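Below you'll find the structure, written out as structure tokens, and then a few comments.
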Amino acid sequence: MILTGDKEFYKGIGSIKYEGKESDNPFSFKFYNPEKKVMGKSMAEHFKFAVAYWHSFCGQGGDPFGPGTQQFPWDSSSDPMQRARDKADAAFEFITKMGFEYFCFHDVDLVDEADSLSENEKRLHEIGEYISQKKQDSGVKLLWGTANCFSNPVYMNGAATNPDFNVVARAGAQIKMALDLTISLGGENYVFWGGREGYMSLLNTDMGRELDHMAQFLVMARDYARSRGFKGTFFIEPKPMEPMKHQYDFDAATAIGFLREYGLEKDFKLNIEVNHATLAQHSFEHELTVAANAGMLGSIDANRGDNQNGWDTDQFPVNIYEVTEAMLVFLQAGGLKGGGINFDAKIRRNSIDLEDIFHAHIGGADTFARALLTAEKILTSSKFTSLRNERYASFDNGQGQEFENGSLTLEDLSDIALKSKKPNRISGKQEFFENIINQFI
Ligand code: XLS
Ligand code: NI
Ligand code: NI
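Going by this note's numbering, 451 is the number at position 428 of the sequence shown; the sequence numbering is gapless.
Below, the structure written as structure tokens:
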């Protein structure tokens, strides 16, 4: 069902439906068929696609060299509350036209920040009620909420890790409001992305103390949300840098180590973003694997970087090969723990037609769907899994198994090696593995 407000913003575009890859209709899915079952679950259940409020309805294409280029008709009112309601109308019209079931937001995406915290709270409460009604009318759900504790200049030295306690308290107030809002909107999860939690220089930074503060802050946020009845999962979204020179949640492995060190691993999981993985000099597949191995693969922020640029370009996913590798990990891990696929991506600065945001999300959903279908085939009808298992067959029984069980000592290893022949060299067969992926794409 399409939900429009008083006026329709995306005129001339109706419901986006699955029409198959032979369709010439640019406003249709070629591969994403929400009802299609893949390994026992529908595509809609696997993915839980979410629209990111900030990129789609707030960001207007500004960059460090010039202002925004996109003009949004919902931004015209001079009254911030009216603007916020118009934006919500546009958002729900878009999400329901796409047929997606979820959205994600930062507090400041919903309504402009006011000068005082108490005025902010009033504004958030008001727009929260408006959005709550739209959620009910449309059936659209909140995948996760978060607080933007990085744009406001008050956070230039960090939020939870700020060396000034007064700023830490300010961040606490803001996150409390964002948690209240997320809970009141039935949010299924809550995200922490530590944009300013890190340093520009170690010379003026007490890293150990800042990390202790960050953990203390997360403990408080968790305890508060739980006391208000929040049952969902908290996600840490790793990113190595940008805006800081170094961010504390550098990558999945670092975030997992941090969560375990401070005893937060039961309530927190990870939200893995493609372009953050590549910024950390990893692949998307790598970050998903690290999270899955720890039982912490919670959610995905879908986008892609640019091979020629080092930064977080947040482009919509189109790379079938990259996403197929990711979907292999995703399916083998049994999917995501509580989260979904949030399109944390923006159209290019010169994509200025209102319809461009449809092309972008259609392409993103189709890329994930096509990759999921390919990964399913690789897992169910190729030698991929058995070939990989075979490489480890020497641990399946005998002394290899004893090693895995922990029943051998280093002296045992030494005795075994001294009594054996020189080990044969066994091919890793990388090119063969690569060909299997290509064969099914
Ligand atoms: C920025 C992050 C941000 C988070 C939410 O790079 O991806 O958008 O997803 O704060
Ligand atoms: Ni990002
Ligand atoms: Ni993100």
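Heads up, the beta-carbon is just placed ideally off N, CA and C, and yes, glycines get one too.
Keep in mind it's a predicted model, so treat the numbers as computed, not measured.
Answer yes or no: do residue i and residue j have a C-beta to C-beta separation smaller than 9 Å?
| i | j | result |
| --- | --- | --- |
| PRO261 | GLU284 | no |
| GLU136 | VAL163 | no |
| PRO96 | PHE50 | no |
| PHE80 | ALA388 | no |
| LEU354 | LEU320 | no |
| SER207 | GLY122 | no |
| ASP112 | SER100 | no |
| ILE401 | LEU436 | no |
| THR256 | PHE291 | yes |
| ASN373 | GLY84 | yes |
| LEU18 | TRP334 | A question about residue 18 goes unanswered here, because the residues of the chain that appear run from 24 up to 464. |
Restricting to Cα atoms, I'd like to know which of the options is closest to residue i.
| i | options | result |
| --- | --- | --- |
| ALA398 | VAL346, LYS110, SER417 and PHE273 | VAL346 |
| LEU410 | GLN453, GLU425, LYS444 and LEU436 | GLN453 |
| LYS64 | LEU396, ARG414, GLU434 and TRP77 | LEU396 |
| ILE118 | ILE25, MET62, GLN83 and CYS172 | ILE25 |
| LYS44 | ILE460, PRO90 and ALA392 | ALA392 |
| PRO340 | ASP367, ASN316, ASN461 and ALA314 | ASP367 |
| GLY151 | PHE173, ALA201 and ARG193 | ALA201 |
| LYS40 | GLY421, GLY386, GLU149 and HIS269 | GLY386 |
| PRO266 | PHE173, GLY91, MET66 and ILE380 | PHE173 |
| ILE36 | PHE381, ILE439 and ILE460 | PHE381 |
| GLU144 | MET264, ASP160, LYS120 and MET104 | MET104 |
| ASP98 | PRO186, ASP132, GLY209 and LYS406 | ASP132 |
| ALA349 | THR312, LYS369 and LEU377 | THR312 |
| ALA275 | GLU308, ASN175 and LYS268 | GLU308 |
| ARG251 | GLY210, TRP334 and ASN189 | GLY210 |
| ASP235 | LEU225, GLU427 and GLU220 | GLU220 |
| ARG146 | LYS120, LYS157, VAL134 and GLN156 | VAL134 |
| ILE370 | SER161, GLU149 and GLY91 | GLY91 |
| ILE494 | GLU233, GLY429, GLY286 and GLN462 | Lying before the first or after the last residue shown, residue 494 is absent from the chain, which here runs from 24 to 464. |
| GLY181 | LYS158, TYR222 and GLY195 | TYR222 |
| PHE188 | GLU233, SER46, LYS442 and ALA440 | GLU233 |
Since residue i and residue j should fall inside the 8 Å C-beta cutoff, what is the C-beta to C-beta distance between them, to a whole number of angstroms?
| i | j | result |
| --- | --- | --- |
| PHE240 | VAL191 | 7 Å |
| GLU310 | ALA300 | 4 Å |
| HIS129 | THR169 | 5 Å |
| LYS199 | TYR153 | Incorrect: roughly 21 Å between the Cβ atoms, too far for contact. |
| GLY361 | ASN227 | In fact, because the Cβ distance is near 38 Å, the residues do not count as touching under 8 Å. |
| ASN447 | LEU166 | Actually they are not in contact, since the Cβ atoms of ASN447 and LEU166 sit about 50 Å apart, beyond 8 Å. |
| ALA278 | ALA315 | About 14 Å; that fails the 8 Å criterion. |
| ILE375 | GLN93 | 5 Å |
| GLU68 | PHE52 | Not quite, the Cβ-Cβ distance comes to about 16 Å (not below 8 Å), so this is no contact. |
Can you say whether residue i is buried or exposed, counting buried as having 16 or more other CB atoms within 10 angstroms of its CB?
| i | result |
| --- | --- |
| ALA107 | buried |
| TYR178 | buried |
| SER322 | buried |
| GLN304 | exposed |
| ASP29 | exposed |
| ASN171 | buried |
| ALA244 | buried |
| TRP216 | buried |
| GLU116 | buried |
| ASP138 | exposed |
| MET62 | exposed |
| THR390 | buried |
| ASP229 | exposed |
| ARG249 | exposed |
| ASN298 | buried |
| ARG327 | buried |
| PRO87 | exposed |
Practice problem: Entirely within the segment 417-441 and at least 4 residues each: give me those alpha helix (DSSP H) ranges in chain order. | Solution: Entirely contained in the segment 417-441, the alpha helix (DSSP H) runs reaching 4 residues are, in chain order, 421-428.
Quiz item: Taking only runs of the beta strand (DSSP E) that begin and end inside the segment 172-256, which ones reach a length of at least 3 residues, in chain order?
Solution: 212-215
Practice problem: Enumerate, from N- to C-terminal direction, the unbroken beta strand (DSSP E) stretches of 3 or more residues contained entirely within the segment 308-357. | Solution: Those beta strand (DSSP E) runs which fall completely within the segment 308-357 and span 3+ residues are 320-325.
Exercise. Please go through the segment 256-289 and give each complete beta strand (DSSP E) segment of 3 or more residues, from N-terminal end onward.
Key: 256-259
Self-check item: Completely contained alpha helix (DSSP H) runs for the segment 96-157, where each covers 4 or more residues
Solution: 103-121 and 130-133
Self-check item: 4-residue-minimum alpha helix (DSSP H) runs that sit fully inside the segment 25-54, ordered along the chain
Solution: Listed in chain order, the alpha helix (DSSP H) runs fully inside the segment 25-54 amount to none, counting runs of at least 4 residues.
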